[in-house]
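The numbering used here applies: residue 10 is where the sequence shown begins, and numbers increase by one.
Positions of the beta carbon are idealized from the N, C-alpha and C atoms, including for glycine.
A quick write-up on the structure given underneath.
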Amino acid sequence: MTETVHILHLLGYRMVEETDERVVMEMDNRPDLTNVRGALQGGLVATLIDIAGGILAGRNVGADQDVTTADLTIHYVAPVVEGPARAEATIVRAGKRLIVTAVDLYDVARDRLAARATLSFAVLDKR
10 MTETVHILHL
20 LGYRMVEETD
30 ERVVMEMDNR
40 PDLTNVRGAL
50 QGGLVATLID
60 IAGGILAGRN
70 VGADQDVTTA
80 DLTIHYVAPV
90 VEGPARAEAT
100 IVRAGKRLIV
110 TAVDLYDVAR
120 DRLAARATLS
130 FAVLDKR
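Put into structure tokens, the structure is as follows:
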């Protein structure tokens with residue numbers, strides 16, 4: 010039997026810090042993940058931001074609840090050229106029906122902000 014490997018592991022996403030107040034994740038800038046200019050592809054940056062924000066939001070709901078992305082706004086301000094890309098998620102507001110997170114994404118080697126995002130997560134009761 011073949012073991013299934015999740016796509017996120019193939020992309021190299023990894024947890025650096027995980028608490029109820031903050032989630033930090035990273036991924037390396039590899040040649041197979043870059044655009045034609047050598048920067049980490051923007052869709053992968055967006056996915057890293059969404060995952061970090063979603064994990065944090067999920068830590069702030071009850072055991073009988075889940076979260077799903079309701080809104081995602083990203084401002085790309087610089088490319089991730091060297092990496093790794095580091096997403097740092099924090100809670101803006103945790104309500105009963107909606108959780109808002111902020112995620113700053115950095116090019117660690119260049120110590121440079123690459124993107125700033127705000128995400129809203131709908132709080133759902135598990136089925």
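Hey, could you find the ends of the beta strand (DSSP E) V25 is sitting in?
R23 to E27
For the 8 Å Cβ check, are there 3 or more pairs between the region 29 to 39 and the region 92 to 107?
Contact between the region 29 to 39 and the region 92 to 107 is established, with three or more Cβ pairs separated by less than 8 Å.
CB-CB under 6 Å to R23, same chain, minus the five flanking residues each way: which ones, in chain order?
Answer for R23: E35, listed in chain order.
Under 8 Å Cβ to Cβ from A48, same chain only, skipping five residues before and after it: list those, please.
Closer than 8 Å at Cβ, skipping near neighbours: N38, P88, V89 and V90.
Buried or exposed for L9, going by 16 or more other Cβ atoms inside 10 Å?
With the chain covering only 10 through 136, there is no way to say anything about residue 9.
Using DSSP bridges, identify the partner residues of H84.
R125
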